[in-house]
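Chemist:
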Amino acid sequence: MPFFNKRKINLDLNNMPKHVAFIMDGNGRWAKKRGLPRLVGHNAGTETLKRIVKESKKLGIPYVTFYAFSTENWKRPSDEVNGLMNILVKFIQSEINEIHENNIKVNILGDIDRLPDFAKEQVHFALELTAHNTEMQFNIALNYGGRDEIIRGIKLIHQDLLDGKILPDQIDEALFSNYLYTSGMPDPDLLIRTSGEVRLSNFLLWQLAYSEFSFEKVLWPDFDEMAFRNAIYEYQKRNRRFGSV
Ligand code: IPE
Ligand code: IPE
Ligand code: MG
């Protein structure tokens, strides 16, 4: 267990991240440590997700992104994949009203066409219900892969070139960003990955170009508001130079 100062962490409200991205990792190991099935860990991880979304709203962070299922996670045993889809549906069913009442907009980053029908239906319901909410954007990366997203963007640009909607000279970083799932959103200021793994696992490869990284030893189900505040506190001490002096 990492040590966190028990006294309240005072965050600089003028230097809050506008976008925090999370790689929610370590659910399986959390369950294994307790001799429980991996899905119990995923369920516990969902509780952390709810708490961190609430805390983000309290802190006034306008964009949060959570990596829930990668394009590579289809390689897991079908029982686990199905279990994760069920947890997603259960999460939407039980939380969507509260999310909506809190004026939070749900977005999906990733290709949802490949999800099973029952999951797709719930996802579309959540997207439509919250489409006009304005307080905070809650992104769930689902069947998401950073390379897949870039290739998809290239194909969309290619089509717009063929249709004469854009000219080759107009292609620059800003335009390309508009062809990604995160179109219109600021890049993450801070990336938090739990469970001690120090890698990106194909997450937001374009968008994380200048983000600050926080790799936490704690497993995702044990990550809490205090750990989150502490990560922001550390972030606020960093000197973001963006290539200048
Ligand atoms: C992260 O936890 C959640 C998903 C990938 C869906 P893991 O399932 O990867 O947990 P570990 O890494 O095996 O502990
Ligand atoms: C990354 O975690 C994907 C999600 C958290 C959804 P993984 O557990 O799948 O990543 P690797 O396999 O350890 O790189
Ligand atoms: Mg993992």
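Our numbering puts the first residue of the sequence shown at 30, with every later residue one more than the last.
Glycine included, every Cβ here is placed at the ideal spot set by N, Cα and C.
All values reported here derive from a predicted model rather than from experimental measurement.
Using a threshold of 8 Å, state whether the C-beta atoms of G55 and S224 are closer than that.
Modeler: The count along the sequence shown starts at 1 and reaches residue 55 at position 26. The count along the sequence shown starts at 1 and reaches residue 224 at position 195. Yes; because the gap between Cβ atoms is below 8 Å, this pair is in contact.
Chemist: I want to check one thing, is the minimum distance from the CB of E226 to the heavy atoms of ligand 4 below 7 Å?
Modeler: As for ligand 4, it is missing from this structure, which binds only ligand 1, ligand 2 and ligand 3.
Chemist: Can you list the residues near ligand 1, meaning Cβ strictly closer than 5 Å to any non-hydrogen atom, in the order they appear in the chain?
Modeler: Those satisfying the condition are, in chain order, D54, G55, N56, G57, R58.
Chemist: Taking DSSP as the reference, what is the three-state secondary structure of E127?
Modeler: Stepping through the sequence shown from its first residue, residue 127 is reached at position 98. Three-state result, E127: helix.
Chemist: Going by C-alpha distance, which of I186, H161, E164, Q151 is nearest L171?
Modeler: Within the sequence shown, residue 171 is the residue found at index 142, counting from 1. Out of I186, H161, E164, Q151, Q151 has the C-alpha closest to the C-alpha of L171.
Chemist: Once DSSP output is grouped into helix, strand and coil, what is the label at V247?
Modeler: Locating residue 247 in the sequence shown gives position 218, where the first residue counts as 1. Of the three classes helix, strand and coil, the one that applies to V247 here is coil, per DSSP.
Chemist: Relative to the C-alpha of K246, which candidate in S230, R222, L229 has its C-alpha closest?
Modeler: What you label residue 246 is simply residue 217 of the sequence shown in a count that begins at 1. Nearest of S230, R222, L229 to K246, Cα basis: R222.
Chemist: In or out: Y173 buried (at least 16 other Cβ within 10 Å) or exposed?
Modeler: Sequence index remark: in the sequence shown, residue 173 carries index 144 (1-based). Y173 is buried by the Cβ-count criterion.
Chemist: With which residues is K134 paired in a DSSP beta bridge?
Modeler: Numbered from 1 along the sequence shown, position 105 holds the residue referred to as residue 134. BP columns for K134 point to Q166.
Chemist: Classify E157: buried if its beta carbon has 16 or more other beta carbons within 10 angstroms, exposed otherwise.
Modeler: Counting from 1 along the sequence shown, the entry for residue 157 is found at position 128. So E157 counts as exposed.
Chemist: Apart from the five residues on each side of it in sequence, which residues of its chain come closer than 8 Å, Cβ to Cβ, to Y264?
Modeler: Residue mapping note: residue 264 aligns to position 235 of the sequence shown, counting from 1. Around Y264: P46, D218, L219, E241, S243.
Chemist: Please confirm if the stretch 142-149 is in contact with the stretch 112-131, defined as three or more CB-CB distances below 8 Å between the two stretches.
Modeler: The stretch 142-149 is in contact with the stretch 112-131.
Chemist: At a threshold of 7 Å, does E101 count as lining ligand 2 (C-beta to nearest heavy atom)?
Modeler: Position 72 of the sequence shown, counting from 1, holds the residue named residue 101. Yes, the Cβ of E101 comes within 7 Å of a heavy atom of ligand 2.
Chemist: Roughly how many angstroms separate the alpha carbons of I38 and R105, rounded to a whole number?
Modeler: Within the sequence shown, residue 38 is the residue found at index 9, counting from 1. Within the sequence shown, residue 105 is the residue found at index 76, counting from 1. Going by the C-alpha atoms only, they are around 39 Å apart.
Chemist: What residue does the alpha helix (DSSP H) around R67 start on, and which one ends it?
Modeler: Against the sequence shown, residue 67 aligns to sequence position 38. Run containing R67: 67-88, per the alpha helix (DSSP H) assignment.
Chemist: Check each candidate in E254, P215, F257, A238 and name the one with the smallest Cα separation from R270.
Modeler: Looking up residue 270 in the sequence shown gives position 241. Minimum Cα distance to R270 is reached at A238.
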